[in-house]
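Everything below concerns the one structure shown next.
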Amino acid sequence: DRIVAVEAVNAPADFMGGRLLIGKAARVSAERLADSATSMKAVALS
Numbered sequence: 935d936r937i938v939a940v941e942a943v944n945a946p947a948d949f950m951g952g953r954l955l956i957g958k959a960a961r962v963s964a965e966r967l968a969d970s971a972t973s974m975k976a977v978a979l980s
């Protein structure tokens with residue numbers, strides 16, 4: 935699935951990671967996104 939929106943409260947790194955994923959039209963599993971121990975920045979850079 936592709937990410938189409940990002941909502942991050944007091945988490946600018948996660949917001950920017952989400953923007954990168956949207957820009958790349960990256961496919962990311964829902965399980966990985968649901969894991970609160972993994973930052974969106976880490977997902978975007980992997």
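Every position in the sequence shown, counted from 1, becomes a number in this note's numbering once 934 is added. A virtual CB, placed ideally from N, CA and C, is assigned to each residue, including glycine. In this text the structure is predicted, and so the values were computed from the model without any measurement.
Query - Local Cβ density within 10 Å of Leu955, reported as buried at 16 or more and exposed below that - result: buried
**Report entry** Exposure label - Gly951; buried when at least 16 CB within 10 Å
**Finding:** buried
Query raised in the report: Taking just the CA atoms, how far does Asp935 sit from Val962?
Result: 6 Å
Requested in this report: Can you give me the start and stop residues for the alpha helix (DSSP H) that Asp948 sits inside?
Outcome: 946 to 958
Query raised in the report: Are there 16 or more other CB atoms within 10 angstroms of the CB of Val938, so buried, or fewer, so exposed?
Result: exposed
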